[in-house]
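A.B. asks: Once you've had a glance at the structure underneath, I'll fire off some questions.
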Amino acid sequence: MKALVYTQANEVQLLDRDEPQALDGEVVLRIDAVGICGSDMHAYHGHDPRRNPGLVLGHEFAGTVVQSMHPSWQPGARVTGNPLITCGACEFCEQGRDNLCANRTMVGMTRPGAFAQAMSIPGRCLIALPDNLGAVAAALTEPAATALHAVHLSIKALVRPLNECRVLVLGGGAIGMLAALLLRHQGVDQLEVAEVNALRRTSIEKHARCKSLDPRSVSAEGSAFDYVIDAVGSAITRQAALAAVKPGGVVMHIGLQDWASEIDMRKLTLAEITLMGTYTYSHGDLRATVALLARGAFGDLSWVETRPLADGAEAFSDLHHGRLASAKVVLEPAH
Amino acid sequence: MAELMRAVKFEGQQRIGLQDLPWPQPAAGEVLLRVQRTALCGSDGKLWQRGTDLVPGHEIFGVVDHPGHALHGQRCCVFIPVHCGHCASCVQGDTHLCLTQSDLIGWNRNGGYAEALAVPQQCLMPVPDDIDDDLAPLLLDTIGTAAHGLRTVLPLVPPAQSDVLILGAGPVGMGALLAAQSLGYKNIWVSDPRATRLALAESLGARPHQVGDLQRRFALVVESSGAHAARNQGLQVIWPRGVLLLLGENDNPWTIEEGKPVRRKLFYMVRSFYFPKSDLPANIALLRSRRDDYRKLVDQRFGLDEFASVFPRFMAGELVKPVLAPAL
Numbered sequence: 580m581k582a583l584v585y586t587q588a589n590e591v592q593l594l595d596r597d598e599p600q601a602l603d604g605e606v607v608l609r610i611d612a613v614g615i616c617g618s619d620m621h622a623y624h625g626h627d628p629r630r631n632p633g634l635v636l637g638h639e640f641a642g643t644v645v646q647s648m649h650p651s652w653q654p655g656a657r658v659t660g661n662p663l664i665t666c667g668a669c670e671f672c673e674q675g676r677d678n679l680c681a682n683r684t685m686v687g688m689t690r691p692g693a694f695a696q697a698m699s700i701p702g703r704c705l706i707a708l709p710d711n712l713g714a715v716a717a718a719l720t721e722p723a724a725t726a727l728h729a730v731h732l733s734i735k736a737l738v739r740p741l742n743e744c745r746v747l748v749l750g751g752g753a754i755g756m757l758a759a760l761l762l763r764h765q766g767v768d769q770l771e772v773a774e775v776n777a778l779r780r781t782s783i784e785k786h787a788r789c790k791s792l793d794p795r796s797v798s799a800e801g802s803a804f805d806y807v808i809d810a811v812g813s814a815i816t817r818q819a820a821l822a823a824v825k826p827g828g829v830v831m832h833i834g835l836q837d838w839a840s841e842i843d844m845r846k847l848t849l850a851e852i853t854l855m856g857t858y859t860y861s862h863g864d865l866r867a868t869v870a871l872l873a874r875g876a877f878g879d880l881s882w883v884e885t886r887p888l889a890d891g892a893e894a895f896s897d898l899h900h901g902r903l904a905s906a907k908v909v910l911e912p913a914h
Numbered sequence: 012m013a014e015l016m017r018a019v020k021f022e023g024q025q026r027i028g029l030q031d032l033p034w035p036q037p038a039a040g041e042v043l044l045r046v047q048r049t050a051l052c053g054s055d056g057k058l059w060q061r062g063t064d065l066v067p068g069h070e071i072f073g074v075v076d077h078p079g080h081a082l083h084g085q086r087c088c089v090f091i092p093v094h095c096g097h098c099a100s101c102v103q104g105d106t107h108l109c110l111t112q113s114d115l116i117g118w119n120r121n122g123g124y125a126e127a128l129a130v131p132q133q134c135l136m137p138v139p140d141d142i143d144d145d146l147a148p149l150l151l152d153t154i155g156t157a158a159h160g161l162r163t164v165l166p167l168v169p170p171a172q173s174d175v176l177i178l179g180a181g182p183v184g185m186g187a188l189l190a191a192q193s194l195g196y197k198n199i200w201v202s203d204p205r206a207t208r209l210a211l212a213e214s215l216g217a218r219p220h221q222v223g224d225l226q227r228r229f230a231l232v233v234e235s236s237g238a239h240a241a242r243n244q245g246l247q248v249i250w251p252r253g254v255l256l257l258l259g260e261n262d263n264p265w266t267i268e269e270g271k272p273v274r275r276k277l278f279y280m281v282r283s284f285y286f287p288k289s290d291l292p293a294n295i296a297l298l299r300s301r302r303d304d305y306r307k308l309v310d311q312r313f314g315l316d317e318f319a320s321v322f323p324r325f326m327a328g329e330l331v332k333p334v335l336a337p338a339l
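Protein chains in written order, with this note's numbering: chain A, 580 to 914; chain B, 12 to 339.
Right, here's the structure in full:
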């Protein structure tokens with residue numbers, strides 16, 4: 580089969596790989612659609628010590644079961660799934676917070692991912708797709724669930740209901756875009772998105788129907804937002820988030836750009852800011868997201884760009900150079 | 012292995028007998044558990060009245076007797092809600108609120124007033140060796156149910172500033188008293204018409220509260236009797252933004268009279284049932300931290316032959332938490 584292999588920093592190549600075989604409890608999926616994630620880009624740049632050359636990346640997948648060694652799945656089933664492979668037994672799994680599983684592994688990281696014509700995965704990771712949810716939209720389940728999980732965590736800390744909050748999203752990549760779409764769907768009408776890429780700003784204004792700003796030329800209003808989502812996670816956006824949040828407000832940190840950095844802990848203390856981190860999604864979040872996508876809660880997704888898997892290397896390069904308006908490129912191995 | 016085992020039979024109208032039943036045959040995914048202790052529970056009063064063809068008893072502790080199984084020989088409590096592990100409730104950790112399966116062991120399938128039973132393996136909860144047999148069943152209704160309800164409402168009624176009233180000093184009420192103390196609540200009143208129960212609660216650190224007294228008001232009222240009068244009292248005495256936590260059960264319809272104390276107030280009325288499996292480590296920690304106090308609740312250990320004489324005394328309120336030991 581063909582697979583897009585991460586070969587060295589700033590390089591992926593379409594290579595021949597052996598067809599995967601399902602072990603006990605696993606299935607083999609024909610990959611119908613697979614999104615390129617920001618974390619795939621980190622790996623591509625050589626910045627992720629967990630993802631090394633020789634690996635097939637890709638974990639935002641939708642596919643069709645072609646071989647099953649799991650009793651619940653039959654060939655022909657259309658699915659997406661949880662790329663996190665969790666143990667089901669640790670305290671986090673028992674509490675339904677399986678994204679924090681102490682023993683988790685992941686497709687596209689610890690085992691071959693979905694930038695390929697086929698991939699094996701444990702059957703218990705899978706979620707069936709409704710008939711009306713196409714493969715490209717279904718491939719957005721994973722990033723959309725990340726946004727959903729972040730918003731649900733935040734709601735518990737917000738003093739006012741979400742729709743009454745003035746909200747700032749930093750970053751108009753896929754997570755920022757999907758978070759903005761979800762917030763609009765949940766009734767937020769005071770929403771601004773900061774994004775440096777002018778093409779993406781236009782796309783966000785059109786699809787999320789909200790204001791956007793270029794943070795290089797204009798800062799968001801200081802101490803004015805009840806809720807700030809940092810969907811970039813760099814030193815500079817952390818500082819911007821703290822500057823923009825209103826006393827008593829919430830900063831939700833999603834991105835993984837910079838590791839440690841200084842933030843304004845004095846403001847955090849004196850203004851009683853809640854700073855939260857969020858990581859991925861629970862299995863329950865993924866299921867809820869499939870249902871939301873099928874209901875059109877994230878809009879028509881016409882901003883998503885699709886390309887054949889064979890053009891994957893070019894897609895990585897275009898993303899690297901910021902040449903795309905779309906916050907999400909989905910590869911289709913069958914095209 | 013004997014062909015038959017002995018089990019309690021609730022024949023109806025408060026008649027209790029013993030019966031010989033075929034030795035349990037675990038189905039696929041189930042294991043055989045030899046019962047070491049099953050605690051008596053007031054909720055079994057219903058079955059005592061109306062009779063049942065099933066073996067009652069749902070606060071079960073035993074040893075897995077299933078050669079080849081990973082838990083063979085393991086001391087385990089039985090988590091009575093049979094659950095699928097896959098539905099929306101189960102995947103978010105609410106294994107006690109399964110959306111696809113509703114059987115309760117000891118209610119809808121054979122329970123623990125017997126020498127042994129078959130248990131779905133996902134319902135086994137291993138018990139550490141330092142928890143002795145008599146105390147192990149307390150991890151279920153007494154600690155588990157009470158502590159889970161309290162953990163759920165705690166963010167609404169911060170312990171440092173919240174006065175607590177517990178209505179009913181039965182096993183769940185006593186469990187609520189001890190758990191509330193461990194969770195940081197300092198000022199806890201307990202109300203119960205039985206003087207001996209009230210004295211026991213006082214010995215555990217509670218202040219006595221006169222039955223029906225409406226003068227003092229509380230941020231948190233834990234209703235653990237199921238009595239309508241107690242529920243109504245709770246509605247009256249709850250502070251604004253307080254919590255009325257309903258742990259007691261009652262089969263008769265409860266009518267709420269919407270007078271001023273109910274209408275002119277924002278308050279939370281929370282029903283909590285049982286607990287999720289993931290609470291077990293915290294419940295074990297509770298038991299360890301107050302082991303000697305919990306031991307005061309277990310006031311008799313008895314064998315199957317004594318069941319018919321002990322159960323009515325328990326239902327009459329003479330005993331707090333007697334435990335059946337079928338091997339005695």
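Heads up, the beta-carbon is just placed ideally off N, CA and C, and yes, glycines get one too.
Using the Cβ count rule (16 or more neighbours within 10 Å means buried), how would you classify residue 664 of chain A?
C.D. replies: buried
A.B. asks: Name, please, each residue of chain A whose Cβ falls closer than 8 angstroms to the Cβ of residue 160 of chain B.
C.D. replies: Per Cβ cutoff of 8 angstroms: no residues; residue 160 of chain B is ~17 angstroms from chain A at best.
A.B. asks: Measuring only the C-alpha atoms, how far is residue 37 of chain B from residue 221 of chain B?
C.D. replies: 50 angstroms
A.B. asks: If you drop the 5 nearest sequence neighbours on each side, which residues of the same chain put their C-beta closer than 6 angstroms to that of residue 285 of chain B?
C.D. replies: 107 and 156
A.B. asks: Using a Cβ distance threshold of 8 angstroms, determine whether the region 163-170 of chain B contacts the region 297-304 of chain B, with at least three qualifying pairs required.
C.D. replies: no
A.B. asks: Between residue 20 of chain B and chain A, is any beta-carbon pair separated by less than 8 angstroms?
C.D. replies: no
A.B. asks: Name the chain A residues whose beta carbon is nearer than 8 angstroms to that of residue 117 of chain B?
C.D. replies: Contact note: residue 117 of chain B does not reach chain A at a C-beta cutoff of 8 angstroms; the least C-beta distance is about 23 angstroms.
A.B. asks: In chain order, what residues of the same chain lie with their CB nearer than 6 angstroms to the CB of residue 186 of chain B, ignoring the 5 residues before and after it?
C.D. replies: 153, 154 and 157
A.B. asks: Which residues of the region 732-745 of chain A have a Cβ closer than 8 angstroms to any Cβ of chain B? Give them in chain order.
C.D. replies: Sequence-ordered contacts of the region 732-745 of chain A with chain B are nonexistent [C-beta pairs closer than 8 angstroms].
A.B. asks: Tell me the residue span of the alpha helix (DSSP H) that contains residue 214 of chain B.
C.D. replies: 206-214
A.B. asks: Contact between the region 53-66 of chain B and the region 22-32 of chain B is defined here as three or more beta-carbon pairs at a separation below 8 angstroms; is this criterion met?
C.D. replies: A contact exists between the region 53-66 of chain B and the region 22-32 of chain B.
A.B. asks: So the candidates are B/260, B/253 and B/263; which of them puts its Cα closest to the Cα of residue 276 of chain B?
C.D. replies: B/253
A.B. asks: What's the gap between the Cα of residue 131 of chain B and the Cα of residue 867 of chain A?
C.D. replies: When rounded, the distance between both Cα atoms is 28 angstroms.
A.B. asks: With 16 other CB atoms within 10 Å as the buried threshold, where does residue 795 of chain A fall?
C.D. replies: exposed
A.B. asks: Output, in chain order, the set of chain A residues within a Cβ distance shorter than 7 angstroms of residue 75 of chain B.
C.D. replies: Within 7 angstroms Cβ-Cβ: nothing; residue 75 of chain B doesn't reach chain A, min ~17 angstroms.
A.B. asks: With DSSP as the reference, label residue 791 of chain A as helix, strand or coil.
C.D. replies: Strand, per DSSP.
A.B. asks: To which residues of the same chain is residue 19 of chain B closer than 6 angstroms at the C-beta, ignoring the five residues directly before and after it?
C.D. replies: 124 and 318
A.B. asks: Enumerated in chain order, which unbroken segments of the alpha helix (DSSP H) with a length of 4 residues or greater are wholly contained in the region 780-867 of chain A?
C.D. replies: The region 780-867 of chain A contains these whole alpha helix (DSSP H) runs: 814-823 and 844-849.
A.B. asks: Mapping DSSP to helix, strand and coil, what is residue 166 of chain B?
C.D. replies: Residue 166 of chain B: helix per DSSP, three-state reduction.
A.B. asks: Taking only beta-carbon atoms, is residue 936 of chain A less than 8 angstroms away from chain B?
C.D. replies: Residue 936 of chain A is absent from the structure shown; chain A starts at 580 and stops at 914.
A.B. asks: Measure the C-alpha to C-alpha separation of residue 211 of chain B and residue 113 of chain B and round it to an integer number of angstroms.
C.D. replies: 35 angstroms
A.B. asks: If residue 43 of chain B sits next to residue 127 of chain B, beta carbons under 8 angstroms apart, how far is it from one beta carbon to the other, in whole angstroms?
C.D. replies: 6 angstroms
A.B. asks: Which residues, taken in chain order from the region 220-252 of chain B, show a beta carbon closer than 7 angstroms to some beta carbon of chain A?
C.D. replies: none
A.B. asks: Kindly provide the ranges of any alpha helix (DSSP H) runs that are 4 or more residues long and lie completely inside the region 40-82 of chain B, ordered along the chain.
C.D. replies: 56-61
A.B. asks: Quick one: which residues of the region 281-312 of chain B get their C-beta closer than 8 angstroms to a C-beta of chain A? List them in chain order.
C.D. replies: For the region 281-312 of chain B, the beta-carbon criterion of a distance under 8 angstroms to any beta-carbon of chain A is satisfied by 287, 288, 289 and 292.
A.B. asks: Out of curiosity, what's the CA-to-CA distance linking residue 312 of chain B and residue 208 of chain B?
C.D. replies: 19 angstroms
A.B. asks: Going by DSSP, what residue range makes up the beta strand (DSSP E) through residue 202 of chain B?
C.D. replies: 199-202
A.B. asks: When burial is assigned at 16 or more other CB atoms within 10 Å of the CB, is residue 743 of chain A buried or exposed?
C.D. replies: exposed
A.B. asks: Listed from N- to C-terminal order along the chain, which residues in the region 641-674 of chain A have their beta-carbon within a distance smaller than 7 angstroms of any beta-carbon of chain B?
C.D. replies: 670, 673 and 674
A.B. asks: Report the neighbours of residue 104 of chain B on chain A: residues whose CB is nearer than 8 angstroms to its CB, in chain order.
C.D. replies: 673, 674, 675 and 676
A.B. asks: Looking at chain A, is there any beta carbon in it that lies within less than 8 angstroms of the beta carbon of residue 206 of chain B?
C.D. replies: no
A.B. asks: What do you reckon, are the CB atoms on residue 809 of chain A and residue 820 of chain A nearer than 8 angstroms?
C.D. replies: yes
A.B. asks: For a contact defined as C-beta to C-beta under 9 angstroms, what are the partners of residue 99 of chain B on chain A?
C.D. replies: 863, 866 and 867
A.B. asks: How big is the Cα-Cα spacing for residue 893 of chain A and residue 591 of chain A?
C.D. replies: 9 angstroms
A.B. asks: Rounding to the nearest angstrom, what Cα-Cα distance links residue 902 of chain A and residue 677 of chain A in this structure?
C.D. replies: Straight-line Cα distance between these residues: approximately 36 angstroms.
A.B. asks: Can you give the Cα-Cα distance for residue 122 of chain B and residue 336 of chain B, rounded to whole angstroms?
C.D. replies: 14 angstroms
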